[in-house]
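Quick mapping for you: the protein sequence lines, in order, are chains A and B.
Just so we're aligned, residue 331 is where the first sequence starts under my numbering, counting upward by one.
Just so we're aligned, residue 840 is where the second sequence starts under my numbering, counting upward by one.
A quick write-up on the structure given underneath.
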Amino acid sequence: MLYLRQGENQMQLLITLFLTILLSLHVEARPLTFAPSPLNDTQKIFEEFSPMINYLEEKLGEKIDFHYEKKYDDMITSFQENKIDLAYFGPLPLATLRQSCSSAVPLLVFNEPNGKSGYRCALVQFAKDKINFQNNDSLKVALTQPLSTCGYMQTKILLKTYANKDIEEMKFNYLGNHDEVALSIIRGEFEIGGMKESIAKEYQSLGLKILHTSQMLPSFTLVANANTLSKEKIANIKKILLEIPREVYKTWGTNISYGFSETDIEDFNSLKIDELQYNIPQKGNF
Amino acid sequence: MRHILAIILFALLSCLAFFGYTKTHMLEERDALLERQNQILETSYKAVTHMYKVSIESYFKYIILNQGVLNILHKAKEANIEEKAILRGSLYRLLYPIYNNDLKDLGVRQLHFHTPKGESFLRFHKPSENGDPLFDIRPSIKIANIDKVFISGFEGGRIYPGFRYVFPIIDKGEHLGSVEISLPYESIELELSKLLTCKNHVFLMKKSVTTNLVFDSHKEYFMPSSFSDEFVIENQKISSISEKSIKSPMVDTINTLIKQKYDIEKLLLSGKNFSTPIVDGNEGYIANFHAIYDTSNALAAYAVTYGDMEELVSLEKKYLITNFMGCLIIFLFSFGIYLYLKQNKKILLEKIQFETIVRTTVNGVLLLNTDGKIRFMNLAACKILGYEVGEVEGKNSHELLHVHDTSYDQEHCHILSSIKSQKAYVGEEIFRKKNGDKITVLVNANSFIQDDKSIGSVTIFRDITQEKKNQARIEHLAYYDALTDLPNRKLLLNRLSLALKESTRSFEFGGLLFIDLDNFKTLNDTYGHDMGDKLLQEVALRLQSQLRTCDTVARFGGDEFVILITKLGNDEAKAKDELYKIGQKLLQAIVIPYHFVTVDYGFTASIGGTLFLDDTKTVDDILKNADAAMYEVKKEGKNEIKIL
């Protein structure tokens, strides 16, 4: 009997080992997958991130595919389903992801133009438009995405502090990305909007005016999926990116061309505690 | 062996020449096919770009160039940076609906306003990128703003290359800058694919109009082409054309074969339209490369179309079959030449042999055609007949040479008949010499037969005139005495035998007289044999002169003569008397003195005779009886006649 029980244990061990190998083979069978921030314009995304991905492909000796999602919600879901190995997350979506997915490992944060990690959100309008915030409930507010850091959450704060207006009392809608927020305001489709300050500055040459900016926020982060990547590979990716010479990354897309910094996980923990108190609507109100 | 080697060499060289000819011909035929394909592509390309030009001109004139736009541009000329930014945004706001709806629907990718100084004022496709100078990299913008004329063509740029339509903007005489409306190749390809059967396209662009020009952040729009480091294609991640072509097995196959079979880099840098026909087993493919030049007339890109082309396989098969058949014919022809030369050599040898034989033979040789005309007469024949060489050729042999005893009708000529009957003729004929003399010739005539038809004859002849004379002489000597030319003993016995039979048949008596000259030996001993011979000859003449032609005088031997007399009638006594009288007459003739040069001589003869009537007596009996009668005369004193 003792012999049989020992045999059963050995059998269980073998089955477990087999399944583990099978699972790891299955995971390793597909190319590495990178998910950029959700935007409607895949061409712009590709243009922004492909230099970094090409660099990583070369250094790792592995092919890396793009995984496009139009919403942070879908991106988080795909990450949880292990369809994504590496992802570019803003601070709020990352905090949301980490709440439900412990395998999400923040690797590095992307520096801002000033060379430091952290960025600001901005409240913007078209300079030619004359906006009367008072007694004007028909003002239309352009937002990026519900889970975008500069989306509903920071725009709500900026409107309150700049114009003493509650966003809930205004018309707002989600446009998917920062560029579209800027362009829709220039086109006159919205009167004001909330977006990342660095992107807003790109549109100043088209008359986009920054009305107000937020406090410094944790930067966008490169997140690794510990379920699909080994610790060694995660460490290797981190090492490769931190050692990239400036001459290389400065030619990359605007938002990722200022280098990388180590992640301070505490920044995200505090953000999670503070910001998730807001009840963020998932859809616009008009 | 030398001939065989020469013919093999000839066959091989002929095959090579034939291969070269058919190859050239096939290439011409193939080039015509390719030229047609390229012309279709070029015509389609021109039609599509022209169609876009017409549409875009209309959009520019009637939609873009409105008063609102002109007002903004007027103000922008004098505005500061802040004001210019607001004007830029205003222009974007004003024209965005047209750009986003109408122009994008048309296939336009870029709507781009430029300042009069050639700076980018507003890119609708990339609004945040503006203010950069363009004159140095965009000749079309320079021309539109310096020369103030419309210009169109393919050109590189800071964001994308494209098919540019650049219009100068002039309002109320004031130059406000320019605007360009640009199409990506996708738009051109979309329309091209409606006109062409090829469904796979690739747009190869030179680096000079793409990666060397665009902002660094846009370099990723491009990826290396599979053909050359000097050319790129749009990145498959942003180009449906590139993605489709990269995923197409046919394009992959064709590209691989092109790289194997052509110096494609060199062809691409030539800057000309070209096609790369490919036959791979039973599959035929073609890739047409249509060169596209930028506005400064430099090679900028190639519009490449890929497709099947079964005609190439058919053409190649036709070429192979033609070559095979050509080689077969050449080798058969060469074999024919070999046989001809071999036959010719044999004929030449035979001709030499024949000519040698004909030239050296002592026999005359005549070649006649079917109507008897002389085609050839050899030297021996000329000598025999007394003609010069070549003198008689073309003349009728029958009339000229042949002597016929009875008729001159050609139908009765043995020689000419032999031609018609295709049978050999051997016989004696009489030929006439040039001087009119006739000669006897032995003729051997054989007709020439070709396809069962006689085409002439060869007549070989020999002059046998002398032979005939000699033969006659020999025959004469066999029956006549050489000294007196009288029938000899043999002929006498023969005639006596005939006379005996005739006498038996006619029942008439014949008689035989045996004459022996008296004392002839004394003459020989006294005057010699010559004198004796002369006397015998004289005696012979005298005896002949006394007799009828039907009678026979024969020298029987030495000085003995025998006379055969026929037709003496059936009365024995009369016959005997008649025989006696003849004997007397002969004796009288003999005894007449003989006058010779040196001497006159006279002598007598003894004559014995006998009659015969039927075959109761044999020839020997008759001779013995006549001889016995003559001996009795000798015994009784000579110079007398006795008939028993």
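Note that the Cβ used here is the ideal one computed from N, Cα and C, for glycine as well.
What you are looking at is a predicted structure, and each value in this text was computed from that prediction instead of being measured.
The alpha helix (DSSP H) with P978(B) in it runs from where to where? By 1-based counting over the second sequence, the position of residue 978(B) is 139. First-last of the alpha helix (DSSP H) with P978(B): P978 to K981.
Given 8 angstroms, three or more beta-carbon pairs between the region 978-997 of chain B and the region 1135-1142 of chain B: yes
What are the boundary residues of the beta strand (DSSP E) that includes R360(A)? Walking along the first sequence from the start, residue 360(A) turns up at place 30. Counting along the chain, R360(A) falls outside any beta strand (DSSP E), and DSSP gives it neither H nor E.
Three-state class that DSSP yields for Q373(A) in the structure shown: To locate residue 373(A), count along the first sequence from 1; it is residue 43. The answer is helix: DSSP assigns Q373(A) an H, G or I state.
First through last residue of the beta strand (DSSP E) which encompasses N1216(B): The residue you call residue 1216(B) lines up with position 377 of the second sequence. Before going on, a small fix: residue 1216(B) reads as Met here, not Asn. Boundaries of the beta strand (DSSP E) around M1216(B): I1213 to M1216.
I'd like the span of the alpha helix (DSSP H) that includes D496(A), first residue to last. For this step, residue 496(A) is matched to residue 166 along the first sequence. Run containing D496(A): none; DSSP gives neither H nor E here.
DSSP on L477(A), reduced to helix/strand/coil? For this step, residue 477(A) is matched to residue 147 along the first sequence. Here L477(A) sits in coil by DSSP.
So is F463(A) in contact with chain B if we call contact Cβ pairs under 7 angstroms? Within the first sequence, residue 463(A) is the residue found at index 133, counting from 1. So no, F463(A) is outside the interface.
Classify A1468(B): buried if its beta carbon has 16 or more other beta carbons within 10 angstroms, exposed otherwise. Here residue 1468(B) is taken as the residue at index 629 of the second sequence, counted from 1. Buried is the call here.
Closer than 8 angstroms at the beta carbon, the chain A residues around K1057(B): Within the second sequence, residue 1057(B) is the residue found at index 218, counting from 1. The amino acid at residue 1057(B) is misidentified as Lys; the sequence shows His. Neighbours of H1057(B) on chain A, chain order: E377.
Out of L473(A), T491(A), T485(A) and E521(A), which has the shortest C-alpha to C-alpha gap to L505(A)? Walking along the first sequence from the start, residue 505(A) turns up at place 175. The candidate whose alpha carbon is nearest that of L505(A) is L473(A).
Which residues mark the beginning and the end of the beta strand (DSSP E) in which H953(B) is found? If you number the second sequence from 1, residue 953(B) lands on position 114. Element bounds for H953(B): Q949 to H953.
Write down the C-beta distance between F1348(B) and L1462(B) rounded to the nearest angstrom, noting that I regard them as a contact closer than 8 angstroms. Mapped onto the second sequence, residue 1348(B) falls at position 509. Mapped onto the second sequence, residue 1462(B) falls at position 623. That belief does not hold up - the Cβ atoms of F1348(B) and L1462(B) are roughly 16 angstroms apart, past 8 angstroms.
So does the region 847-863 of chain B actually touch the region 1187-1194 of chain B, counting three or more Cβ pairs closer than 8 angstroms? no
Could you tell me which of N585(A), L547(A) and E562(A) sits nearest to R450(A), measuring between CA atoms? Sequence index remark: in the first sequence, residue 450(A) carries index 120 (1-based). Checking every option, the nearest Cα to that of R450(A) belongs to L547(A).
Short of 8 angstroms in beta carbon distance, which residues of its chain neighbour S549(A), apart from the five on each side in sequence? Order them along the chain. Walking along the first sequence from the start, residue 549(A) turns up at place 219. Closer than 8 angstroms at Cβ, skipping near neighbours: P421, V439, F440, N441, E442, S447, G448, Y449 and S591.
Partners in chain B for E532(A), counting only beta-carbon separations shorter than 7 angstroms: Locating residue 532(A) in the first sequence gives position 202, counting from the first residue. S967, listed in chain order.
Can you tell me whether Y1179(B) is buried or exposed? The criterion is at least 16 other CB atoms within 10 Å of its CB, across all chains shown. Taking the second sequence and counting its residues from 1, the one referred to as residue 1179(B) is at position 340. Exposed, because fewer than 16 other Cβ atoms sit within 10 Å of the Cβ of Y1179(B).
Quick one: which chain B residues come within Cβ less than 8 angstroms of I516(A)? On the first sequence, residue 516(A) is found 186 positions in, with the first residue counted as 1. What I516(A) touches in chain B: G928, Y931, R932 and P966.
Are the beta-carbon atoms of K526(A) and H508(A) separated by less than 7 angstroms? Taking the first sequence and counting its residues from 1, one reaches residue 526(A) at position 196. Taking the first sequence and counting its residues from 1, one reaches residue 508(A) at position 178. Going by C-beta atoms, K526(A) is nearer than 7 angstroms to H508(A).
Does any heavy atom of the ligand FAD sit closer than 6 angstroms to the C-beta of P1000(B)? The ligand FAD is absent from the structure shown, which contains no ligands of any kind.
Between the region 1060-1078 of chain B and chain A, which residues of the former have a C-beta closer than 8 angstroms to a C-beta of the latter? Y1060, N1074, K1076 and I1077
In the DSSP assignment, the alpha helix (DSSP H) including P421(A) goes from what residue to what residue? As a first step, residue 421(A) must be located in the first sequence, where it is residue number 91. Per DSSP, P421(A) belongs to the alpha helix (DSSP H) from P421 to S430.
Kindly list, in the order they appear in chain E, the residues whose Cβ is closer than 7 angstroms to that of Y935(B). Of the protein chains in the structure, A and B, none is chain E.
In whole angstroms, what separates the C-alpha of D1493(B) from that of V1392(B)? The structure shown does not extend to residue 1493(B), since chain B spans only 840 to 1483, so no value can be given for it.
With a threshold of 16 other CB atoms inside 10 Å of the CB of M840(B), please say whether the residue is buried or exposed. Translated into positions along the second sequence, residue 840(B) becomes position 1. An exposed status is given to M840(B), since fewer than 16 other beta-carbon atoms sit within 10 Å of its beta-carbon.
Got a sec: is the Cβ-Cβ distance from A452(A) to anything in chain B below 7 angstroms? Along the first sequence, one-based indexing puts residue 452(A) at 122. Not an interface residue.
Are G1448(B) and L1352(B) close, meaning C-beta to C-beta below 7 angstroms? Numbered from 1 along the second sequence, position 609 holds the residue referred to as residue 1448(B). Numbered from 1 along the second sequence, position 513 holds the residue referred to as residue 1352(B). For G1448(B) and L1352(B), yes; Cβs fall inside 7 angstroms.
Could you pull out every residue in the same chain whose Cβ sits closer than 6 angstroms to the Cβ of I529(A), ignoring the five residues on either side in sequence? Here residue 529(A) is taken as the residue at index 199 of the first sequence, counted from 1. Here the set comprises H508.
Can you tell me which of G995(B), Y999(B) and K1100(B) puts its alpha carbon nearest to the alpha carbon of H1057(B)? If you number the second sequence from 1, residue 1057(B) lands on position 218. Closest option to H1057(B), Cα to Cα, is Y999(B).
Pick helix, strand or coil for S959(B), following the three-state DSSP scheme. Along the second sequence, read from residue 1 onward, the residue named residue 959(B) stands at position 120. In the structure shown, S959(B) sits in a strand (DSSP, three-state: E or B).
Taking Cβ-Cβ distances shorter than 9 angstroms, what residues in chain B pair up with F590(A)? The residue you call residue 590(A) lines up with position 260 of the first sequence. What F590(A) touches in chain B: nothing, since even the nearest Cβ is about 18 angstroms away.
Quick one: is T581(A) near chain B, going by C-beta distance under 7 angstroms? For the purposes of this step, residue 581(A) is taken as residue 251 along the first sequence, with counting starting at 1. Chain B, which has a Cβ nearer than 7 angstroms to the Cβ of T581(A), makes this yes.
Which residues of chain A have a Cβ atom closer than 8 angstroms to the Cβ of G970(B), listed in chain order? Residue numbering aside, residue 970(B) sits at position 131 when the second sequence is read from its first letter. Within chain A, the residues placing a beta-carbon under 8 angstroms from that of G970(B) are S535, ordered along the chain.
Given a threshold of 16 other Cβ atoms within 10 Å of its Cβ, counted over all protein chains shown, does Q876(B) qualify as buried or as exposed? Numbered from 1 along the second sequence, position 37 holds the residue referred to as residue 876(B). Classification for Q876(B): buried.
Beta-carbon separation (whole angstroms), A924(B) vs G481(A), contact threshold 8 angstroms: Along the second sequence, one-based indexing puts residue 924(B) at 85. Along the first sequence, one-based indexing puts residue 481(A) at 151. The Cβ separation is near 26 angstroms, so there is no contact.
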